[in-house]
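Enquirer: Those protein sequence lines, which keep their order, are chains A and B.
Going by the numbering used here, the final residue of the first sequence carries number 209, and the count climbs one at a time with no gaps.
Going by the numbering used here, the final residue of the second sequence carries number 1238, and the count climbs one at a time with no gaps.
Where is the CB? At the ideal position from N, CA and C, for every residue including glycine.
All values derive from a computational prediction rather than experimental measurement.
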Amino acid sequence: MGTALLKADKIVCERDDRLLFSGLSFELFAGEVLRLEGPNGAGKTTLLRILSGLFSTFEGCVSWNGQNVRQCYSEFQQDLLFIGHKSSIKSTLTPLENLRFLMGLQESIEDDELWKALERVGLAGYEHVLCRNLSAGQKRRVALARLYLSSAKLWVLDEIFTAIDKKGVAQLEALLAEKAQSGVAIVLTTHHELSMPDVKLLRLGRVSE
Amino acid sequence: MSRDYQSGPSHSEHGLLSVLSVVLKREFLSAFRSRQELANPLVFFVIVIVLFPLGVSPEPDFLRSAAAGLVWVAALLATMLSLDRLFQSDYDDGSLEQIVLCAQPLYLIVLIKSLIHWSLTGLPLILLSPFLATMLHLDAQHIPILMLTLLMGTPVISLIGGIGAALTVSLRSGGILISLLVLPLTIPVLIFGTGTVQSSIDGLSVAGHLSIMGMMLALALTLSPFAIAAALKISVSD
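Below you can see the structure in the form of structure tokens.
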């Protein structure tokens, strides 16, 4: 497989005088899915933010294609899709406008593609409804429509299944599996049971007695 | 947006201009959807100026000498009021993270955002100012000078204020903190803004004053986007 797509080397991170993790290392190759596990407060979100470059007060090194991320940050950003806790959906815009903006920050996507993606996340007919009138799950689906459009090579997904119904979760899992097949590396956290095969696990947090 | 779109979504084809135009459209659209909020600083501006003669003195001579300063102070405070909105909603819904993660230079994106903020708050103030200045008995010949100083000064306030807004965006109730942080930095703009109009009233040349205001505008336009971008990165990493 050659060099790892994403490599974390001896990461040490402390927050509010609490050591979240020390000497954390792992490698992620193209096509692999890595799931972070741990109790609340174990530092899953922090690690995802470190990996995506949003949180930079840590020791150690994150490298992308064998190069330190800090040195190739703009190339890294182009290859990264990050969906965080907050869904990035503006309530005064419609799903279509939100998606157009979020995708437009990274790629040029034609409008029919956006329509199709919204249809696939089950929002057909809601394209022109303001997001403030949508339910929490529907808002989350708008954010997740990006998964159908993105051509990023690394997906960092923080609790994306929150507020999504069972059928939606199954559909998303299928999508993630399919994308991983095609070479996308995925790091995710979730409290849902995943039925996907071949998921690498990384346990965070002190092992409790 | 799809000017250079050829063969499927590929990163290298997606340029800076398309990102900026996406940001531009979205900012105007969401501002348009919350029009009432846009009116707040304008209403504040008008009310302060309308109440001043009632509260202090309706004497034309007094108002004439106070007009420039009054319009300027009201404009400064009105702009300040609107600043906490600049990044707050983007921070709350998480889209600020997406903007920070965008591969295009962040300082250009925040420059666009600040200029849009100015065009929605500063610019309407400038357009209203002739009416209010006339109400304060400022002679018609000085009104263009007043508008010119506002035109050069309000973008500086928006840009410097943007730094404060970016630094305080992750704090609850950052509103008052922005004013404390930013107000001292905007004093020079206020002094030269009113000074220019005063010189014009005194029959002196305003070229010197205007060049200093121009300098402040040039510095704010070129330097503050970097400061705003750096401050946003700090705020987002909390």
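In chain A, which residues lie less than 8 Å from residue 1093(B) when you measure between Cβ atoms?
Expert: By Cβ distance, chain A contributes 86, 87, 88, 89, 90 and 91.
Enquirer: Taking only the alpha-carbon atoms, compute the straight-line gap between residue 25(A) and residue 48(A) and give it to the nearest angstrom.
Expert: Taking the straight line from one Cα to the other gives about 13 Å.
Enquirer: DSSP has residue 42(A) in a bridge; who is on the other side?
Expert: DSSP lists no partner for residue 42(A).
Enquirer: Looking at the C-beta of residue 43(A), does it have a partner C-beta in chain B at a distance below 7 Å?
Expert: With 7 Å as the cut-off, residue 43(A) does not count as an interface residue toward chain B.
Enquirer: Here's the rule I'm using: 16 or more other beta-carbon atoms within 10 Å means buried, otherwise exposed. How should residue 1109(B) be labelled?
Expert: Under this definition residue 1109(B) is a buried residue.
Enquirer: Please report the residue range of the beta strand (DSSP E) in which residue 12(A) lies.
Expert: Unbroken beta strand (DSSP E) run through residue 12(A): 6–15.
Enquirer: Would you report the Cα separation of residue 1091(B) and residue 1182(B), rounded to the nearest angstrom?
Expert: Cα-Cα distance, rounded: 20 Å.
Enquirer: Output, in sequence order along the chain, the residues in the segment 1115–1132 of chain B whose CB is closer than 9 Å to any CB in chain A.
Expert: Residues: none.
Enquirer: Name the DSSP beta bridge partners of residue 37(A), please?
Expert: 203(A), per the DSSP bridge assignment.
Enquirer: Using the three-state DSSP reduction, which class does residue 1172(B) fall into: helix, strand or coil?
Expert: Here residue 1172(B) sits in coil by DSSP.
Enquirer: Please decide whether residue 74(A) counts as near chain B, where near means a Cβ-Cβ distance under 7 Å.
Expert: Yes - at least one Cβ of chain B is within 7 Å of the one on residue 74(A).
Enquirer: Tell me which same chain residues have a C-beta within less than 7 Å of the C-beta of residue 38(A), skipping the five on either side of it?
Expert: These residues qualify, in order along the chain: 44, 203, 204 and 205.
Enquirer: Per the DSSP calculation, residue 83(A) is bridged to which residue(s)?
Expert: Note: residue 83(A) sits in a beta bridge opposite 157(A).
Enquirer: So the candidates are 180(A), 170(A), 115(A) and 6(A); which of them puts its Cα closest to the Cα of residue 72(A)?
Expert: If we check each option's Cα against that of residue 72(A), 6(A) comes out closest.
Enquirer: Check whether the Cβ of residue 1033(B) lies closer than 7 Å to any Cβ atom in chain A.
Expert: Answer yes: the Cβ-Cβ gap between residue 1033(B) and chain A drops below 7 Å somewhere.
Enquirer: For the beta strand (DSSP E) that residue 23(A) lies in, which residues bound it at each end?
Expert: Note, residue 23(A): beta strand (DSSP E), 18–28.
Enquirer: Could you check what DSSP says for residue 125(A) in three-state terms: helix, strand or coil?
Expert: Three-state result, residue 125(A): coil.
Enquirer: I'd like to know if the segment 1024–1037 of chain B and the segment 61–78 of chain A are in contact, where contact means that at least 3 CB-CB pairs between them fall below 8 Å.
Expert: In short, these stretches do not touch, since the Cβ pair count stays below three.
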